[in-house]
Amino acid sequence: MQRARLAATLLLVLLLHGCGTFGLGGSEDSDSKSSESDTTSEKGAESDSDPRSEDAKADKRVVLPDSEGEGDSDLLSGIFGSDEPASQANRAETAKLRQDIARLQASMQDRQPQRQPTRTADRTGPGIGVVFPKGAALRAPMLSALNRAAGSFPMRVMSPGDVRPVLDSYGCRAAAPQDCLSALAVQPGARLLAVVEPLPATKDQERRIRFRFYDTDLGLRYDPVTLALPRGNADTESQSWIAAADAVLIHAQDHLQLTPTIVHAVKAEGDTVYLNQGKAANLAKGSRLTVHGDGRLVRGAADLPVTWIPGNKRGMVEITRVSNSGRAIGRVIEGEAPEPSDFLIPADRDQG
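Written as structure tokens, this is what we have:
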């Protein structure tokens with residue numbers, strides 16, 4: 015009897031820990047009604063098919079943790095109470111079980127993702143520009159969640175303050191930034207642009223947001239993704255925004271697989287070249303980058319992009335120093351000085 019209760023307790027504790035995690039659930043086809051609603055709300059603008067876009071429309075719902083119950087200590091005390099005498103062997107088994115549960119708790123805690131914000135200046139990886147419709151109330155909580163979640167991803171989140179000036183200077187709107195993509199790739203150096211916007215709430219008053227990615231170097235526009243976020247207390251709201259941020263960054267990571275690291279020249283003076291990245295692209299003194307004027311996008315089934323191959327090498331730049339701002343400065347050691355539109359790829363990552 016005692017052994018059966020011990021086994022049941024361990025199973026119960028495991029199940030309780032399993033219910034204490036949260037993530038994004040559902041598949042791309044799991045909620046056809048919501049997808050139809052999103053398509054209708056976009057009207058004509060979003061219904062145009064783009065042969066270069068991924069068939070990736072998806073409604074993802076946030077699955078949040080249930081309310082916390084009693085602690086494990088109280089739970090064990092209740093189950094291992096003094097309702098009947100316990101033998102010395104049973105007490106020893108109980109003590110061992112407690113130790114096993116403590117080790118399990120520590121192991122699960124170690125596996126939880128870190129949510130401490132990391133300074134943008136300390137992060138490396140491609141820049142992900144984020145922009146919202148002007149006046150959108152979701153800007154503050156979403157941007158905060160993205161900055162917290164970004165520490166778990168090999169990329170940097172670039173705020174609307176970095177992106178909006180370029181859009182405004184070229185007369186581009188957040189809803190239609192295509193004419194500004196190549197400029198964003200050079201300065202501020204956004205590898206992808208994410209446009210995040212609110213949608214009308216569902217009948218259950220779930221908050222809905224939609225995001226769409228643009229590839230600034232390849233000119234690709236990806237299909238939008240819609241997320242439903244339940245409302246609740248402050249803790250529920252915070253976890254909902256973090257889950258939404260995870261979804262955005264997971265999609266970004268997937269899109270970034272198309273190309274190697276891409277750097278651009280902001281300015282050239284003779285043989286001296288000023289680049290739009292440095293530390294972020296893991297460049298240091300002595301690093302070399304090959305210069306390419308173009309590249310080729312390889313497509314697979316359903317015309318979906320599979321990979322990008324840089325064109326013929328037409329020069330090489332060697333890094334002479336990385337400034338305090340994190341930008342690299344180099345010198346031309348082969349060919350001519352690169353133009354801002356050229357693709358500079360770290361030589362050790364060059365696939366051309």
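For the sequence shown, the tail end lands on 366 under our numbering, and the numbers increase by one without skipping. Just so it is clear, CB atoms sit at the ideal spot from N, CA and C, and this is done for glycine as well.
For the beta strand (DSSP E) containing residue i, name the first residue and the last one.
i, result
"T250", "Note, T250: premise wrong, no beta strand (DSSP E); alpha helix (DSSP H) at 248-270."
"A204", "204-213"
"N290", "286-292"
"P319", "319-324"
"E348", "341-349"
"G143", "141-145"
"A242", "239-243"
"L311", "309-313"
"T334", "327-336"
"T304", "302-306"
Is it right to say residue i is buried, meaning 16 or more other beta carbons lie within 10 angstroms of its own, or is it exposed?
i, result
"I359", "buried"
"S61", "With a pLDDT of only 35 at S61, under 50, the local geometry of the prediction cannot be trusted, and no value is derived from it."
"A215", "exposed"
"A316", "exposed"
"G143", "buried"
"R8", "Nothing in the structure corresponds to residue 8, since the chain is present only between 15 and 366."
"G349", "exposed"
"N161", "buried"
"D218", "exposed"
"P179", "exposed"
"V320", "exposed"
"G368", "Because the chain spans 15 through 366 in this model, residue 368 falls outside it and cannot be assessed."
"L9", "Look at the range of the chain in this structure, 15 to 366, and you will see that residue 9 is not part of it."
"G203", "buried"
"S301", "buried"
"P168", "exposed"
"A135", "Its pLDDT being 47, under 50, A135 is placed unreliably by the model, and nothing is read from it."
"L234", "buried"
"L232", "buried"
"L198", "buried"
"A188", "buried"
"L318", "exposed"
Can you name the start and end residues of the alpha helix (DSSP H) that residue i belongs to?
i, result
"D231", "Note, D231: premise wrong, no alpha helix (DSSP H); not H, not E."
"V277", "Taken as a continuous stretch (DSSP letters only), V277 belongs to no alpha helix (DSSP H), as it is neither H nor E."
"M169", "Run containing M169: none; DSSP gives neither H nor E here."
"P354", "From DSSP, P354 is part of no alpha helix (DSSP H); its letter is neither H nor E."
"R162", "153-163"
"A197", "195-200"
Which value, in whole angstroms, describes the spacing of the CA atoms of residue i and residue j?
i, j, result
"V277", "F227", "19 Å"
"E332", "G246", "54 Å"
"D182", "A208", "16 Å"
"Q270", "W322", "Note that residue 270 is Leu in the sequence shown here, rather than Gln. Those two C-alpha atoms are separated by around 11 Å."
"M156", "Q291", "26 Å"
"T275", "M172", "17 Å"
"P140", "D229", "12 Å"
"N326", "R224", "38 Å"
"V346", "S166", "36 Å"
"L289", "D249", "42 Å"
"V280", "E220", "44 Å"
"V305", "Y236", "27 Å"
"F357", "P324", "8 Å"
"P131", "A159", "A caution first: P131 carries a pLDDT of 49, below 50, which makes its placement in the model unreliable, though a value can still be read off. P131 and A159: Cα-Cα distance of roughly 9 Å."
"T54", "P352", "Confidence in T54 is poor, its pLDDT being 38 and thus under 50, which makes the residue's placement unreliable; the coordinate value appears in the next sentence. Going from the Cα of T54 to the Cα of P352 covers about 45 Å."
"G149", "L206", "22 Å"
"E251", "I343", "44 Å"
"P238", "N296", "31 Å"
"S355", "D268", "24 Å"
"G340", "L213", "38 Å"
"W255", "A154", "10 Å"
"V210", "T138", "23 Å"
"F146", "A164", "18 Å"
"D176", "R328", "31 Å"
"A298", "R222", "43 Å"
"G284", "M330", "14 Å"
"D193", "N338", "32 Å"
"I264", "T273", "16 Å"
"D362", "Q253", "39 Å"
"V77", "A282", "Caution applies to V77, whose pLDDT of 35 falls short of 50 and renders its modelled position unreliable; the model cannot decide the point."
"T241", "A266", "Here residue 241 turns out to be Leu, not Thr, going by the sequence shown. Their Cα atoms are separated by approximately 15 Å."
"A151", "A294", "30 Å"
"L195", "R170", "17 Å"
"Q201", "P174", "13 Å"
"V287", "P191", "28 Å"
Practice task
Would you be able to state if there are at least three C-beta pairs under 8 Å between the stretch 257-266 and the stretch 300-312?
Solution key: no
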